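The structure under discussion appears below in the form of structure tokens.
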Amino acid sequence: MNNIIGHKLYGKGLQKVVVLHDWFGDTTTNYDPMLEFLDRDTFTFAFVDLRGYGRSRNISGECTLEEGVSDILALVDFLKWSSFDIISHSMSALIAQYLTIQASSRLKRIVAITPVPACGTPAPDAVISFLEDAALRNEISARQIIQFMTGYQQGSEFVDKKVTQWYETSNPEARSAYLKMFSQIDFSEQANGGLTPFLVIVGANDAEGYREPVMQQTFIKWYPNAELITLQGCGHYPMQEQPLQLAVAIQSYLKQA
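Residue numbering for the sequence shown is 1 to 257, as defined by the UniProt record's numbering.
Structure follows, in structure tokens:
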């Protein structure tokens, strides 16, 4: 177990699902509001924390795309899952997409929630510096990010809780490393044409770079078996903003397999 990334199994179903988190929290704090709506008889979920986060907070590493993919494959091998679905969120959608290149034969379906496309999310130096500042524990900057990513629709209680959870469940080195990963990477040429089925889920209140037009020009353009839906009443964090709505959308899609 020493080389296996931190995770929690939930459910007893035959359909196996790897669940990944975003930059702003581990799988526990992000997905707990959704647990009561999950079908534990149909699915077995492996809630996986990337290095530096949650159950893997004390597992050191480079926190790169390749390392994340390697960790996921090592975990599913350990669990003896010959095939699996993936639920990814924001930056971890990069890992899901890279798995379509590295291990497509084992992937059944991918759910990409408010995802980062395979081209990454490059930004001006000033924006990267602002994000880096938040990653190193500038709470004012972190609050501004959460407000922006939820369309300024969430109150201070939600925003403050998100910021607290981020800092309590991750370490600054990992936060900085993953920022570099999702802002500097581009493997879109390799990913283009991948046949793995995708459900791309966007939030109506999310930042402009994560809304339907961007997903149409990336996921829908690159992946011929991708579908796209928009959830109302939420931004970048639908598992916390609209957990029931998200759970229904995800499970309806995965049960089509």
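Just so it is clear, CB atoms sit at the ideal spot from N, CA and C, and this is done for glycine as well. If you're wondering where the values come from, they're calculated on a predicted model, not measured in any experiment.
Annotated three-state conformation of F130 is helix, per DSSP. Across the set S60, T44 and P238, the C-alpha of P238 shows the shortest separation from the C-alpha of T150.
A distance below 8 Å between beta-carbons, with the five flanking residues on each side excluded, links I59 to the following residues of its chain, in chain order: I5, G6, R51 and G52.
A direct Cα-to-Cα measurement between R106 and I140 gives close to 42 Å. DSSP places G54 in the helix class (H, G or I) of the three-state scheme. For K8 against R55, the beta-carbon gap comes to about 7 Å, under 8 Å, which counts as contact.
Per DSSP, F37 lies in no beta strand (DSSP E) and is assigned neither H nor E.
Taking the C-beta atoms as reference points, V116 is found nearer than 8 Å to L94. The beta strand (DSSP E) runs lying completely inside the stretch 98 to 180 and spanning 3 residues or more are 107 to 113, given in chain order. The alpha-carbon separation between A257 and W81 amounts to approximately 16 Å. Between the alpha carbons of I72 and G25 lies a distance of about 18 Å. When the Cα atoms are used, N225 and T28 turn out to be separated by approximately 30 Å. The stretch 119 to 134 makes no contact with the stretch 227 to 246; the number of CB pairs closer than 8 Å stays below 3. Within the same chain, P238 and M239 come within 6 Å of L246 by CB-CB distance, once the 5 residues on both sides are set aside. In the structure shown, the three-state DSSP call for G68 is helix. Note: V17 is bridge-paired with F45 and D85 in the DSSP secondary-structure output.
Judged by DSSP secondary structure, L199 falls outside any alpha helix (DSSP H) and instead within the beta strand (DSSP E) spanning F198 to G203.
Within the stretch 193 to 247, the complete beta strand (DSSP E) segments of 3 residues or longer fall at 198 to 203 and 226 to 231, listed in chain order. Contact check for A135 against V163 fails: the beta carbons are separated by 8 Å or more. In the three-state DSSP reduction, L9 falls in the strand class (E or B). Contact between C119 and S188 holds, since their C-beta atoms are separated by about 4 Å, short of 8 Å.
Boundaries of the alpha helix (DSSP H) harbouring N30: T27 to Y31, taken from the DSSP string. Assignment of S60 by DSSP, reduced to helix, strand and coil, places it in the coil class.
For G68, the CB contacts under 7 Å within the same chain, skipping 5 residues up- and downstream, are L50 and I95 in chain order.
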